[in-house]
Amino acid sequence: MMADPLIPWLTEHGLVCHPHTLSGTPISLGSAFQLAGLKLAWRVEIEQRRVWIVLIQRVEQRRGLKNPFAALYMLANAARAVLGPDYYLYGNVDVLAGSSLSTQRLAHFYRRWTGAKELSTGWFSLKVSQVITLSNMKKRQNNGFA
């Protein structure tokens with residue numbers, strides 16, 4: 054597997070990245086970092102022009118009002134800065150363990166408020182140039198633009 058092109062940018066922005074493997078085996082699935090109580094693992098697929106989100110997992114108990122999308126936003130910023138605006142975030146939507154949010158409701162959120170496309174059941178793709186902050190998303194919603 055080639056060196057991940059996003060790691061230098063993420064490191065420059067204060068994140069510690071490490072290899073992500075299949076259940077602790079030597080089989081590499083990509084790279085990972087932790088932010089705002091979540092672990093996010095991904096791999097870049099240059100030929101498909103996408104950043105495949107391999108895993109989003111809660112690593113800390115829910116405390117306070119942390120933005121659950123901060124890690125995704127950081128990954129999208131890295132992809133946009135390093136790879137360009139025509140790359141896509143790609144992954145399967147499933148709720149975090151212990152969440153009161155249903156998978157269907159989360160999928161609706163991705164379709165309605167982020168503009169993500171559902172390529173097949175549960176599999177979403179969103180152009181990195183379309184990713185906006187949660188506060189901007191709420192402003193759009195409040196102004197009737199979403």
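To get the working numbering, take the position in the sequence shown, counting from 1, and add 53.
By construction, the Cβ of each residue, glycine as well, lies at the ideal position given by its N, Cα and C atoms.
Since the structure is predicted, the reported quantities are computational estimates derived from the model, not experimental observations.
{"Check": "CB contact flag (LEU59, VAL135, <8 Å)", "Outcome": "yes"}
{"Check": "For LEU142, the residue or residues it bridges with in DSSP", "Outcome": "VAL104 and LEU179"}
{"Check": "Which of helix, strand or coil DSSP assigns to GLU65", "Outcome": "helix"}
{"Check": "Range covered by the alpha helix (DSSP H) that runs through ALA169", "Outcome": "Run containing ALA169: none; DSSP gives neither H nor E here."}
{"Check": "The segment 123-137 contacting the segment 169-176, beta-carbon criterion three pairs below 8 Å", "Outcome": "no"}
{"Check": "Of the listed residues GLU113, LEU93, HIS73 and GLN157, nearest to ALA123 (C-alpha basis)", "Outcome": "LEU93"}
{"Check": "Best match in VAL107, LEU63 and PRO72 for proximity to VAL146 [C-alpha to C-alpha]", "Outcome": "VAL107"}
{"Check": "Selection from GLN87, ASP57, ARG102 and THR78 that minimises the alpha carbon distance to TYR143", "Outcome": "ARG102"}
{"Check": "Buried or exposed by the 16-neighbour rule on C-beta atoms within 10 Å, applied to GLY90", "Outcome": "buried"}
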